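Single-structure report; data block below.
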Amino acid sequence: MKFARNTLIGSGLIVVAVILALLINSIGGRIMELNNAECDCGADEVGGFCPHSVNTLPIEIYLGYTVSAVLAIAGAYLIFSDFRSSKLKSESADNWRKVISSLNGEEKRIYELLASSDGVMFQSDLVEKSEMPKVKVSRILDRLEARNLLERRRRGMSNAVVLKNK
Numbered sequence: 089m090k091f092a093r094n095t096l097i098g099s100g101l102i103v104v105a106v107i108l109a110l111l112i113n114s115i116g117g118r119i120m121e122l123n124n125a126e127c128d129c130g131a132d133e134v135g136g137f138c139p140h141s142v143n144t145l146p147i148e149i150y151l152g153y154t155v156s157a158v159l160a161i162a163g164a165y166l167i168f169s170d171f172r173s174s175k176l177k178s179e180s181a182d183n184w185r186k187v188i189s190s191l192n193g194e195e196k197r198i199y200e201l202l203a204s205s206d207g208v209m210f211q212s213d214l215v216e217k218s219e220m221p222k223v224k225v226s227r228i229l230d231r232l233e234a235r236n237l238l239e240r241r242r243r244g245m246s247n248a249v250v251l252k253n254k
């Protein structure tokens with residue numbers, strides 16, 4: 089199965105985010121253990137307040153969790169945007185096939201002539217190869233252009249007809 093580049097990058101970001109979160113969790117737990125085990129200030133014994141008993145983590149731990157969350161969100165965005173764009177492309181290709189299959193015989197013939205010439209042909213060459221009158225070819229091209237299947241570009245004294253790729 090072929091994965092798109094964004095999917096791979098997104099998956100990599102999520103893996104890095106999970107590893108980073110696990111490391112930060114491990115470090116944070118170790119810091120808490122050290123704070124609780126090595127409290128030698130003697131404030132608890134005297135009845136005072138021990139600053140280590142609050143069990144707060146350094147700001148760097150919270151910053152690390154934030155970075156990990158941002159990486160995970162960015163990875164998820166890349167993965168889901170890639171799935172969405174591939175879905176839109178497949179829907180667009182399906183619509184394109186439906187439009188092409190709905191062409192009548194003459195329109196399909198002109199379209200196939202253009203497709204066989206790598207999608208570009210002068211209108212005068214199209215008239216010659218199709219053996220249809222100029223007016224008929226021009227009207228067929230108007231209909232195909234209205235369906236957004238091709239476009240005509242003025243090139244000097246003639247028109248270049250170009251298929252649109254979908």
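First residue of the sequence shown? That's 89 in the working numbering, and the numbers climb one at a time after it.
Every residue, glycine too, gets a C-beta built ideally from N, C-alpha and C.
Since the structure is predicted, the reported quantities are computational estimates derived from the model, not experimental observations.
Those residues which DSSP pairs with L238 across a bridge
Along the sequence shown, read from residue 1 onward, the residue named residue 238 stands at position 150. For L238, the beta-bridge partners assigned by DSSP are L251.
Top-ranked residue by Cα proximity to V215, from L201, L110, D206:
For the purposes of this step, residue 215 is identified with residue 127 of the sequence shown, where counting begins at 1. Closest option to V215, Cα to Cα, is L201.
Distance check for R241 and V249, CA to CA, integer angstroms please.
Here residue 249 is taken as the residue at index 161 of the sequence shown, counted from 1. Here residue 241 is taken as the residue at index 153 of the sequence shown, counted from 1. Their backbone Cα atoms lie some 6 angstroms apart in a straight line.
Quick check: what's the CA-CA separation for F210 versus V187?
If you number the sequence shown from 1, residue 210 lands on position 122. If you number the sequence shown from 1, residue 187 lands on position 99. Between F210 and V187, the alpha-carbon positions lie close to 23 angstroms from each other.
Identify which residue in V103, L151, E195, Y153 has its Cα closest to the Cα of Y224.
For the purposes of this step, residue 224 is taken as residue 136 along the sequence shown, with counting starting at 1. One detail in the question is off: residue 224 reads as Lys in this sequence, not Tyr. Among V103, L151, E195, Y153, the Cα nearest to that of K224 belongs to E195.
Which of helix, strand or coil DSSP assigns to M120
Within the sequence shown, numbered from 1, the residue matching residue 120 stands at position 32. Residue state for M120 is assigned as helix, using DSSP reduced to three classes.
Taking buried to mean at least 16 other C-beta atoms within 10 Å of its own C-beta, is L111 buried or exposed?
Position 23 of the sequence shown, counted from the start, is the residue given in the question as residue 111. Counting Cβ neighbours within 10 Å, L111 comes out exposed, since fewer than 16 surround it.
Taking 7 angstroms as the threshold (C-beta atoms), are I167 and T95 in contact?
By 1-based counting over the sequence shown, the position of residue 95 is 7. By 1-based counting over the sequence shown, the position of residue 167 is 79. Between T95 and I167, the CB-CB gap stays under 7 angstroms.
Report the CB separation of L229 from K252 in whole angstroms; it is logged as a contact under 8 angstroms.
Taking the sequence shown and counting its residues from 1, the one referred to as residue 229 is at position 141. Taking the sequence shown and counting its residues from 1, the one referred to as residue 252 is at position 164. About 13 angstroms; that fails the 8 angstroms criterion.
Would you decide whether A105 is buried or exposed? Buried here means 16 or more other CB atoms lie within 10 Å of its CB.
Locating residue 105 in the sequence shown gives position 17, where the first residue counts as 1. With 16 or more other CB atoms across the displayed protein chains lying within 10 angstroms of its CB, A105 is buried.
Using the C-alpha atoms, what's the distance from A164 back to L191?
Along the sequence shown, one-based indexing puts residue 191 at 103. Along the sequence shown, one-based indexing puts residue 164 at 76. Distance from the CA of L191 to the CA of A164, rounded to the nearest whole angstrom, comes to 41 angstroms.
Across which residues does DSSP place M209 in a beta bridge pair?
The residue labelled residue 209 in the question sits at position 121 within the sequence shown. According to DSSP, M209 bridges with V249.
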